[in-house]
Amino acid sequence: MKALSQKRRHPLAAIALLLMGLLVTGGLYAVATTVNEAKASTTSYSANDTAEGEKLFAANCATCHGMGASGTQDGPSLVGVGAAAVDFQVGTGRMPMQMNGPQAYKKPAQFNDEQTHQLSAYVASLGAGPAIPEEHLLDGQGNAAEGGELFRVNCAMCHNAAAAGGALTRGKFAPALADVSAKHIYEAMVTGPQNMPVFSDANVSPEGKRDIITFLKQIEANGSPGGADLGALGPVSEGLFVWVAGLGVIIAFTIWLTSRTS
Amino acid sequence: MSASSTAKAPAFVATTKAGRITDFVDARVGGSGILREFGRKVFPDHWSFMFGEVALYSFVILLLSGTFLTFFFDPSMAETHYDGSYIPLQNVEMSVAYSSSLDITFDVRGGLFMRQVHHWSALLFVASIAVHMLRVFFTGAFRKPREMNWVVGGVLLILAMAAGFTGYSLPDDLLSGNGLRIIDGVIKSIPVIGTYTSFFLFGGEFPGTAVIGRLYMLHILLVPALILLMIVLHLFMVVVHKHTQYPGPGRNDGNVVGYPLGPVYAAKAGGFFFIVFGVVALMAAFFTINPIWNYGPYDPSPVSAGTQPDWYIGFVDGALRLMPGVIGDFHFEYVIFGYTLTLNVLLPALVPAGILFTIMFMYPWIESWITKDNREHHVLDRPRNAPTRTAIGVAGFVWYCVMWAAAGSDLIATHFHVSLNDVTYWLRTLFFIGPVIAYIVAKRVALALQRKDREIALHGRETGRIVRLPHGEFIEVHAPLDEYKRYKLVGFESPVPLPAVPNDHGIVTRKEKQRAFLSRWFFEDRVAPATPAELEAAHGHHAPAVEAAEESKSLSH
Amino acid sequence: MGNHSDGSPNHSGTVATAGQNEVEKFQDPGLPPHRLRLADTDPKAAKRAERQVALLFGTSVVGTLIFLVAYFAIDLGEGADIATIRLQNALLGVGTAFAMLGIGTGIVHWAKALMPDHEVSEERHAIRTEDDRQAAVRIVDDIVDETGIKRRPLIRNTLLGAVALAPLPALAIFGDLGPRPDKALSHTMWAPVEGKLKRLTRDPDGTPIKASDVTLGSAFHVIPEGLNELHEGKLNEKAKAVVLLMRLDPASLNPSKGREDWGYNGIVAYSKICTHVGCPVALYEQQTHHLLCPCHQSTFDLTQECKVIFGPASRPLPQLPIAVDDEGYLVATSDFKEPVGPSYWERDEHERIINS
Numbered sequence: 729m730k731a732l733s734q735k736r737r738h739p740l741a742a743i744a745l746l747l748m749g750l751l752v753t754g755g756l757y758a759v760a761t762t763v764n765e766a767k768a769s770t771t772s773y774s775a776n777d778t779a780e781g782e783k784l785f786a787a788n789c790a791t792c793h794g795m796g797a798s799g800t801q802d803g804p805s806l807v808g809v810g811a812a813a814v815d816f817q818v819g820t821g822r823m824p825m826q827m828n829g830p831q832a833y834k835k836p837a838q839f840n841d842e843q844t845h846q847l848s849a850y851v852a853s854l855g856a857g858p859a860i861p862e863e864h865l866l867d868g869q870g871n872a873a874e875g876g877e878l879f880r881v882n883c884a885m886c887h888n889a890a891a892a893g894g895a896l897t898r899g900k901f902a903p904a905l906a907d908v909s910a911k912h913i914y915e916a917m918v919t920g921p922q923n924m925p926v927f928s929d930a931n932v933s934p935e936g937k938r939d940i941i942t943f944l945k946q947i948e949a950n951g952s953p954g955g956a957d958l959g960a961l962g963p964v965s966e967g968l969f970v971w972v973a974g975l976g977v978i979i980a981f982t983i984w985l986t987s988r989t990s
Numbered sequence: 013m014s015a016s017s018t019a020k021a022p023a024f025v026a027t028t029k030a031g032r033i034t035d036f037v038d039a040r041v042g043g044s045g046i047l048r049e050f051g052r053k054v055f056p057d058h059w060s061f062m063f064g065e066v067a068l069y070s071f072v073i074l075l076l077s078g079t080f081l082t083f084f085f086d087p088s089m090a091e092t093h094y095d096g097s098y099i100p101l102q103n104v105e106m107s108v109a110y111s112s113s114l115d116i117t118f119d120v121r122g123g124l125f126m127r128q129v130h131h132w133s134a135l136l137f138v139a140s141i142a143v144h145m146l147r148v149f150f151t152g153a154f155r156k157p158r159e160m161n162w163v164v165g166g167v168l169l170i171l172a173m174a175a176g177f178t179g180y181s182l183p184d185d186l187l188s189g190n191g192l193r194i195i196d197g198v199i200k201s202i203p204v205i206g207t208y209t210s211f212f213l214f215g216g217e218f219p220g221t222a223v224i225g226r227l228y229m230l231h232i233l234l235v236p237a238l239i240l241l242m243i244v245l246h247l248f249m250v251v252v253h254k255h256t257q258y259p260g261p262g263r264n265d266g267n268v269v270g271y272p273l274g275p276v277y278a279a280k281a282g283g284f285f286f287i288v289f290g291v292v293a294l295m296a297a298f299f300t301i302n303p304i305w306n307y308g309p310y311d312p313s314p315v316s317a318g319t320q321p322d323w324y325i326g327f328v329d330g331a332l333r334l335m336p337g338v339i340g341d342f343h344f345e346y347v348i349f350g351y352t353l354t355l356n357v358l359l360p361a362l363v364p365a366g367i368l369f370t371i372m373f374m375y376p377w378i379e380s381w382i383t384k385d386n387r388e389h390h391v392l393d394r395p396r397n398a399p400t401r402t403a404i405g406v407a408g409f410v411w412y413c414v415m416w417a418a419a420g421s422d423l424i425a426t427h428f429h430v431s432l433n434d435v436t437y438w439l440r441t442l443f444f445i446g447p448v449i450a451y452i453v454a455k456r457v458a459l460a461l462q463r464k465d466r467e468i469a470l471h472g473r474e475t476g477r478i479v480r481l482p483h484g485e486f487i488e489v490h491a492p493l494d495e496y497k498r499y500k501l502v503g504f505e506s507p508v509p510l511p512a513v514p515n516d517h518g519i520v521t522r523k524e525k526q527r528a529f530l531s532r533w534f535f536e537d538r539v540a541p542a543t544p545a546e547l548e549a550a551h552g553h554h555a556p557a558v559e560a561a562e563e564s565k566s567l568s569h
Numbered sequence: 309m310g311n312h313s314d315g316s317p318n319h320s321g322t323v324a325t326a327g328q329n330e331v332e333k334f335q336d337p338g339l340p341p342h343r344l345r346l347a348d349t350d351p352k353a354a355k356r357a358e359r360q361v362a363l364l365f366g367t368s369v370v371g372t373l374i375f376l377v378a379y380f381a382i383d384l385g386e387g388a389d390i391a392t393i394r395l396q397n398a399l400l401g402v403g404t405a406f407a408m409l410g411i412g413t414g415i416v417h418w419a420k421a422l423m424p425d426h427e428v429s430e431e432r433h434a435i436r437t438e439d440d441r442q443a444a445v446r447i448v449d450d451i452v453d454e455t456g457i458k459r460r461p462l463i464r465n466t467l468l469g470a471v472a473l474a475p476l477p478a479l480a481i482f483g484d485l486g487p488r489p490d491k492a493l494s495h496t497m498w499a500p501v502e503g504k505l506k507r508l509t510r511d512p513d514g515t516p517i518k519a520s521d522v523t524l525g526s527a528f529h530v531i532p533e534g535l536n537e538l539h540e541g542k543l544n545e546k547a548k549a550v551v552l553l554m555r556l557d558p559a560s561l562n563p564s565k566g567r568e569d570w571g572y573n574g575i576v577a578y579s580k581i582c583t584h585v586g587c588p589v590a591l592y593e594q595q596t597h598h599l600l601c602p603c604h605q606s607t608f609d610l611t612q613e614c615k616v617i618f619g620p621a622s623r624p625l626p627q628l629p630i631a632v633d634d635e636g637y638l639v640a641t642s643d644f645k646e647p648v649g650p651s652y653w654e655r656d657e658h659e660r661i662i663n664s
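Chains as they are written, first to last, in this note's numbering: chain F, 729 to 990; chain Y, 13 to 569; chain D, 309 to 664.
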């Protein structure tokens with residue numbers, strides 16, 4: 729105990745404590761924000777699915793979107809948004825929304841795969857809209873280089889060239905795309921959730937979307953050849969790093985270098 | 013070690029091997045005088061004196077790694093299709109410059125490592141110059157006779173930024189291409205000559221096919237040569253002036269206390285080069301910098317979120333972001349005499365940087381005019397003992413930091429989940445009131461620290477030991493300082509405001525009145541160092557007497 | 309402290325010591341007594357320090373070996389995967405770091421623990437002596453005097469004139485760095501060629517866009533027809549011609565007089581080049597109808613003809629007038645009616661020429 733209390737008085741103790749605190753908070757935060765991804769689902773709906781979906785909808789969604797999904801002041805009409813929109817919004821936990829804000833946040837999904845499937849079936853039955861994408865478009869076997877070009881032209885300005893996310897106006901933002909499933913990426917492109925524009929098949933072909941997904945999955949799997957990517961945020965995080973870590977370590981060395989040996 | 017010899021009759025014969033070699037070289041180049049001067053030259057030792065060396069060593073690392081990179085880099089903007097080993101860019105149309113940068117990264121062994129070493133040491137180079145200058149400013153090391161060297165240092169900072177920016181653009185990737193486009197936009201906003209300058213720089217319209225080759229020449233020849241020249245000047249003046257030292261027992265303006273160059277200081281400084289190199293190598297080993305493969309080739313249509321310059325240009329970019337283009341119905345761009353004046357670009361790009369650098373360059377002369385202090389100074393000020401200067405420096409630094417933070421406003425918004433617009437509004441406010449708050453706070457803190465020093469010098473250090481006296485009173489035991497520690501706390505000058513004095517004709521000029529006014533502003537709030545009489549009083553009597561003495565001495569509140 | 313606060317400005321001796329008020333000031337006690345290190349008194353400690361230094365130098369050798377092994381044993385070859393490159397980079401870095409830090413810390417430890425650590429005080433000499441100073445000033449005066457430049461103003465003035473003009477050729481010789489700016493900045497590729505209107509095509513593949521392709525809420529990144537076929541100056545043209553195409557509810561657009569027919573059925577096209585400093589303004593928020601520039605956050609409101617509603621830009625984005633041709637493809641009916649991109653000195657002049 730005495731040794732410990734002596735060490736506590738060491739000048740580095742405060743720094744060690746601070747680092748420990750940061751690590752613990754960061755770790756907890758990382759655990760807390762881990763999201764369970766919904767797995768891919770099939771795209772055939774039975775009458776039962778639709779009926780179950782209607783019940784779920786009435787209980788969980790109709791407050792904002794209205795009975796029959798015709799929309800209210802608090803939520804848009806969902807007629808014609810298609811199954812893909814529901815699968816994306818509910819599957820990523822964005823819907824049901826916790827509260828009204830600049831934009832709906834991704835959070836652990838509230839419904840299981842089957843319920844999501846039923847809700848999709850119900851909304852799809854209300855009017856024609858983008859369907860849940862077919863498996864072969866999500867296989868990540870397209871052309872990564874062409875996908876990269878499409879990504880830079882159509883997506884990078886909001887989502888960042890390395891898909892690390894970026895800011896929009898007034899509290900809105902384009903999220904990072906790491907850990908987003910291929911299906912949800914595809915669905916986001918065809919439905920244009922929230923403020924994201926719609927990339928219909930006439931704009932970016934299904935093959936192009938497959939290429940984009942291939943590119944994203946490939947750079948995600950590759951990681952950075954240069955080591956830790958510092959969030960892939962560009963020069964700001966690099967500058968912060970050199971000031972804090974680089975100069976920090978060097979200052980530690982200068983203090984050692986100019987101190988007297990005992 | 014040093015052997016003196018003459019051509020004809022060596023009266024002194026070197027006996028050791030090192031001695032003989034010295035003798036041999038000296039007989040041919042005549043360096044004994046230099047060796048005699050430098051061999052045992054004394055350098056003061058303090059961790060904050062090392063940042064200039066960090067900058068110098070980063071520059072050496074830059075030259076080494078940069079030379080390696082030039083062997084593989086091709087600054088051509090000709091079109092090509094990538095066929096290297098990075099799959100996500102396979103067959104993409106790009107410039108030869110970008111393609112060769114990718115080859116360095118993925119197909120030259122150690123190329124990626126060298127690129128990362130080069131870029132990390134570039135960031136470190138400018139950062140260490142900045143910290144070195146802050147150290148020099150806050151300790152008053154720029155005062156006579158070192159004003160010229162302060163200016164040379166400022167020029168070095170600008171050259172370092174120029175070297176960094178020209179290098180940033182070379183890979184011709186999407187990030188740096190958009191950076192160049194911003195530069196082009198800023199250049200075009202210059203009245204009368206802007207469009208011409210832009211066409212001359214880019215060899216026609218943006219982006220053209222010339223600019224990378226031109227920047228390359230500036231980056232590897234002109235700018236490094238100028239930096240080298242300035243470093244030589246800088247170090248020459250350091251030798252002439254000898255190093256400054258912190259105040260303390262045994263140190264005064266007439267001496268320099270420290271370790272002799274040979275061997276201790278040379279060993280430490282030489283060893284430190286390897287340490288800096290090692291730290292840079294560690295960063296390059298484990299942390300990605302400038303992942304050009306993510307950005308893709310430059311194309312005028314795409315852009316990436318988070319497009320920013322390297323940190324040292326950040327404050328200009330931040331100023332560009334903070335400036336509103338329209339206030340109410342007033343547009344900062346308007347037409348005069350049939351020509352377009354773009355103040356919303358011109359003002360933020362030139363004015364803050366202009367103010368910062370002008371004040372920085374002129375500060376030594378501004379201060380010596382106000383204080384009428386024309387003496388040579390070799391003993392530094394502890395920042396707290398020059399409260400007004402410290403406050404000015406902190407205010408300037410905070411102003412810089414507000415603009416710097418603005419360059420990352422989008423990342424502040426996304427990472428702290430606040431609105432981008434609110435971040436901008438707040439930073440706009442801080443742009444004006446931040447420096448004022450910083451000035452006041454820094455000055456108060458400096459004065460408070462001075463009072464604390466006084467307190468410790470007079471009453472000793474708090475031991476944390478509480479003792480109960482026989483009559484029941486509790487006191488904390490204070491341990492008296494030894495005279496060396498005490499001298500460190502009391503051995504400083506504390507000038508008082510200098511009233512206006514008439515000139516030779518007996519007239520108090522208006523300029524002199526202004527100077528007197530500024531002098532009052534500079535020295536009005538002051539805490540005088542403790543004197544032996546006060547120490548006597550503190551020891552001889554009880555607390556009230558000491559407090560009275562303190563009242564009468566310190567004019568501050 | 310007195311020197312200064314007594315107000316006399318002429319205390320300019322090279323060495324200032326607290327001379328006057330000795331009673332009021334603490335005396336400098338001089339350098340503190342030297343404190344011996346462990347290694348100075350204890351031979352064992354010295355030996356230990358010696359071994360530590362040797363160990364550090366040994367670490368450096370290990371680092372060098374790691375570097376060489378990593379360089380030669382890991383072959384990047386054709387199609388090396390990213391993980392291999394990352395591994396090699398890390399090992400090369402670790403090797404270099406050990407090699408350098410081993411030498412550096414070894415030398416410093418040697419200096420700190422074993423070399424003499426007596427602080428030495430050295431006198432400062434004045435930068436110059438009074439003799440030198442007077443001599444220097446006299447020499448300069450003499451030189452100036454011997455040239456007679458003060459007595460012969462004609463020589464002085466003509467020399468000044470000549471020297472002032474001499475650098476002009478050095479400036480002029482850079483005249484061919486680039487062409488003079490002509491009207492190039494005022495037009496783009498969108499201008500119809502021989503009456504044939506240019507189609508709007510997708511970036512980057514250059515396929516034309518049908519009006520029916522553009523659904524509500526979508527955003528197309530557009531380049532002019534024929535751009536990809538250009539052999540020269542492709543990027544120069546692209547840098548001016550890129551356009552963002554969006555479809556809104558026609559009711560939410562509020563076209564001003566004369567611009568009613570610049571869109572088609574709620575489809576509008578605006579220049580993607582920011583009027584601030586030229587970044588691509590490519591961020592389209594389909595619900596708020598705002599366009600945001602990622603570089604400096606200028607925000608443009610599509611429902612008010614891209615008026616600036618936030619940020620440093622001062623001028624709306626130029627609109628490209630579009631229509632539909634007989635095959636249903638979107639075409640530009642003319643070039644932009646004003647120069648695109650960041651403002652420049654001659655911009656207003658160019659705009660007047662376009663509109664006359």
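Built from N, CA and C at the ideal position, the CB exists for glycine as well.
It should be emphasised that the depicted structure is a prediction, and the values quoted were computed from it without experimental measurement.
{"Check": "N-terminal and C-terminal residue of the alpha helix (DSSP H) that Gly810(F) is part of", "Outcome": "Gly810 to Gly819"}
{"Check": "Exposure label - Asp815(F); buried when at least 16 CB within 10 Å", "Outcome": "buried"}
{"Check": "Beta-ladder partner(s) of Pro272(Y), from DSSP", "Outcome": "Val54(Y)"}
{"Check": "Pair within 8 angstroms by beta-carbon distance, Ala711(F) and Tyr94(Y)", "Outcome": "Residue 711(F) lies beyond the residue range present for chain F, which begins at 729 and ends at 990; the question has no answer from this structure."}
{"Check": "Beta-ladder partner(s) of Ala431(D), from DSSP", "Outcome": "Per the sequence shown, residue 431(D) should be read as Glu rather than Ala. Glu431(D) pairs with Asn267(Y)."}
{"Check": "Sub-8 angstroms separation of Gln102(Y) and Ala906(F) beta-carbons", "Outcome": "no"}
{"Check": "Range covered by the beta strand (DSSP E) that runs through Ser774(F)", "Outcome": "Careful: Ser774(F) lies outside any beta strand (DSSP E) and carries neither H nor E."}
{"Check": "Continuous alpha helix (DSSP H) assignments of at least 4 residues falling wholly in the region 540-564 of chain D", "Outcome": "542-549"}
{"Check": "Cys603(D) at chain Y interface by Cβ criterion, 8 angstroms", "Outcome": "yes"}
{"Check": "The alpha helix (DSSP H) enclosing Leu101(Y), as first and last residue numbers", "Outcome": "Element bounds for Leu101(Y): n/a, residue is neither H nor E."}
{"Check": "Contacts of Arg988(F) in chain D (Cβ-Cβ under 9 angstroms)", "Outcome": "Arg343, Arg345, Lys420 and Asp425"}
{"Check": "Rounded straight-line distance, which links the Cα of Phe285(Y) to that of Asp258(D)", "Outcome": "Nothing can be reported for residue 258(D): it is not among the residues displayed for chain D, which extend from 309 to 664."}
{"Check": "Other residues of its chain near Glu427(D): CB distance less than 7 angstroms, five sequence neighbours each side excluded", "Outcome": "Leu339"}
{"Check": "Coarse secondary structure for Lys506(D), derived from DSSP in three states", "Outcome": "strand"}
{"Check": "Cβ shell of Tyr850(F) (< 6 angstroms), same chain only, five flanking positions each side left out", "Outcome": "Thr778, Gly781, Glu782 and Phe785"}
{"Check": "Sheet register partners of Gly894(F) (DSSP bridge)", "Outcome": "Ala902(F)"}
{"Check": "8 angstroms Cβ cutoff met for Arg456(Y) and Pro620(D)", "Outcome": "no"}
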